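K.L.:
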Amino acid sequence: MNPKPILPPKKLITVILLSLIILSGFFPRAYHLNFPSIGYHNMKENEYIGEALFMLKDGDYLHRKLFRMGMDELPNFEEYPQMPILPWVFVLLWKIFGVKLWVGRLVIVAFSLGSIPLLYLIVRKLCPNKSLALLSGLLLSLMPLGIFFGRNIQPEAPALFFLLFCIYFGLNWFDDFNLKFAVCSGLSLCVSILFKFTFLIGIIPLLGIFPFNKLKDRDSRNK
Numbered sequence: 063m064n065p066k067p068i069l070p071p072k073k074l075i076t077v078i079l080l081s082l083i084i085l086s087g088f089f090p091r092a093y094h095l096n097f098p099s100i101g102y103h104n105m106k107e108n109e110y111i112g113e114a115l116f117m118l119k120d121g122d123y124l125h126r127k128l129f130r131m132g133m134d135e136l137p138n139f140e141e142y143p144q145m146p147i148l149p150w151v152f153v154l155l156w157k158i159f160g161v162k163l164w165v166g167r168l169v170i171v172a173f174s175l176g177s178i179p180l181l182y183l184i185v186r187k188l189c190p191n192k193s194l195a196l197l198s199g200l201l202l203s204l205m206p207l208g209i210f211f212g213r214n215i216q217p218e219a220p221a222l223f224f225l226l227f228c229i230y231f232g233l234n235w236f237d238d239f240n241l242k243f244a245v246c247s248g249l250s251l252c253v254s255i256l257f258k259f260t261f262l263i264g265i266i267p268l269l270g271i272f273p274f275n276k277l278k279d280r281d282s283r284n285k
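The opening residue of the sequence shown carries number 63 in the working numbering; numbering runs sequentially from there.
(1) Ordered along the chain, which non-local residues of its own chain (more than five positions away) have a Cβ less than 6 Å from that of residue 177?
(2) With burial defined as no fewer than 16 other Cβ atoms inside 10 Å of the residue's Cβ, what is the status of residue 252: buried or exposed?
(3) On the criterion of 16 or more Cβ atoms from any shown chain inside 10 Å, does residue 189 qualify as buried, or is it exposed?
(4) So residue 182 is in the alpha helix (DSSP H); what residue range does that whole segment cover?
(5) Residues in the same chain with beta-carbon distance under 7 Å from residue 247, minus the five sequence neighbours each way, listed in chain order, please.
(6) So the candidates are 196, 180, 203, 204; which of them puts its Cα closest to the Cα of residue 75?
(7) Between the segment 90-104 and the segment 113-124, do at least 3 Cβ pairs fall closer than 8 Å?
(8) Going by C-alpha to C-alpha distance, which of 258, 101, 128 sits closest to residue 144?
(9) Taking the runs of the alpha helix (DSSP H) that are 4 residues or longer, which of them lie wholly in the segment 186-228?
(10) Find the nearest neighbour of residue 184 within the set 282, 101, 281, 271, judged by alpha-carbon distance.
(11) Report buried or exposed for residue 206, applying the criterion of at least 16 other Cβ atoms within 10 angstroms of its Cβ.
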C-alpha cells in the first residue's frame with residue numbers, strides 16, 4: 063500500500079506565493095538603486111534629497127531649503143503643504159549609514175513592497191477568492207507606475223502604504239464596529255495624509271461599501 067503524499071498546508075503555499083510576488087517586485091525597484099538622481103523624471107526626487115541635505119548641513123529641521131533651477135540654495139521652500147517626513151527619515155538614516163542615495167531609495171522600496179501584502183489582505187477581506195487577492199498583489203508588484211513610484215524618493219509609496227492600512231482596519235471595523243479598529247484606521251489615514259494630502263481620496267471607496275444597514279440596530283449605532 064503506497065503512502066499518500068504529504069502536501070504542504072494551503073496557508074504555507076499562500077505565504078510562499080506571496081513571498082515570490084514580493085520578491086518579483088523587489089528586483090525592478092532595486093535596479094540602479096544607487097544611480098545618480100538626474101533627468102526630468104527625477105526633479106521631484108532632487109527636491110526631497112536637497113531638503114534632507116540642507117537639514118543635515120544646517121541642523122534646521124523645521125524650515126525647508128533645496129537646490130532648484132540652477133540656484134545654489136532656495137530658502138524657505140513652502141510649496142508643499144505636507145510635513146517633511148521623508149527628509150527627517152533620511153537625515154536620521156544618513157547619520158547612521160552615511161549620506162548614501164540608496165539608503166533613501168531603499169526606504170521607498172520597503173514601503174512599496176509592504177503595500178503588496180496589505181493589498182492581498184484587503185482583497186481577501188472583500189471576497190473569498192484567494193487567487194484574485196494574489197493576482198492583485200502581482201499586478202501591484204509589476205505595474206510600471208507602481209515600480210516608478212515604488213523606488214523614486216517621493217511620498218507616494220509611504221502614503222499608499224498607510225492608506226492601505228486605513229482601508230484594511232476600516233474593513234475590519236465594518237464587521238462589528240470595534241473601537242480599536244476605528245482608531246487604527248483613523249491613525250493610519252492621518253499618517254497617510256501627513257505624507258501627502260491628496261491621499262484623502264482613498265476614503266471614498268470605504269464610503270461606498272459602508273454597512274449602512276447595520277445602523278438600524280441600536281447596539282451598532284451606539285458603537
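Note that the Cβ used here is the ideal one computed from N, Cα and C, for glycine as well.
None of the values given here were measured: they were computed from a predicted structure.
P.N.:
Well, looking at it:
(1) As a first step, residue 177 must be located in the sequence shown, where it is residue number 115. Within the same chain, residue 177 has close Cβ partners 222, 223, 226.
(2) Reading the sequence shown from its first residue, position 190 is the one you call residue 252. Counting Cβ neighbours within 10 Å, residue 252 comes out exposed, since fewer than 16 surround it.
(3) Counting from one through the sequence shown, the residue named residue 189 turns up at place 127. Flag for residue 189 reads exposed.
(4) By 1-based counting over the sequence shown, the position of residue 182 is 120. Residues 163-188.
(5) The count along the sequence shown starts at 1 and reaches residue 247 at position 185. Within the same chain, residue 247 has close Cβ partners 228, 231, 232, 235.
(6) Your numbering for residue 75 matches position 13 in the sequence shown. That would be 196, whose Cα lies nearest to the Cα of residue 75.
(7) no
(8) Walking along the sequence shown from the start, residue 144 turns up at place 82. For the residues 258, 101, 128, the minimum Cα distance to residue 144 belongs to 258.
(9) 192-204, 206-211
(10) Walking along the sequence shown from the start, residue 184 turns up at place 122. When each option's Cα is compared against that of residue 184, the closest is 271.
(11) Position 144 of the sequence shown, counting from 1, holds the residue named residue 206. Flag for residue 206 reads exposed.
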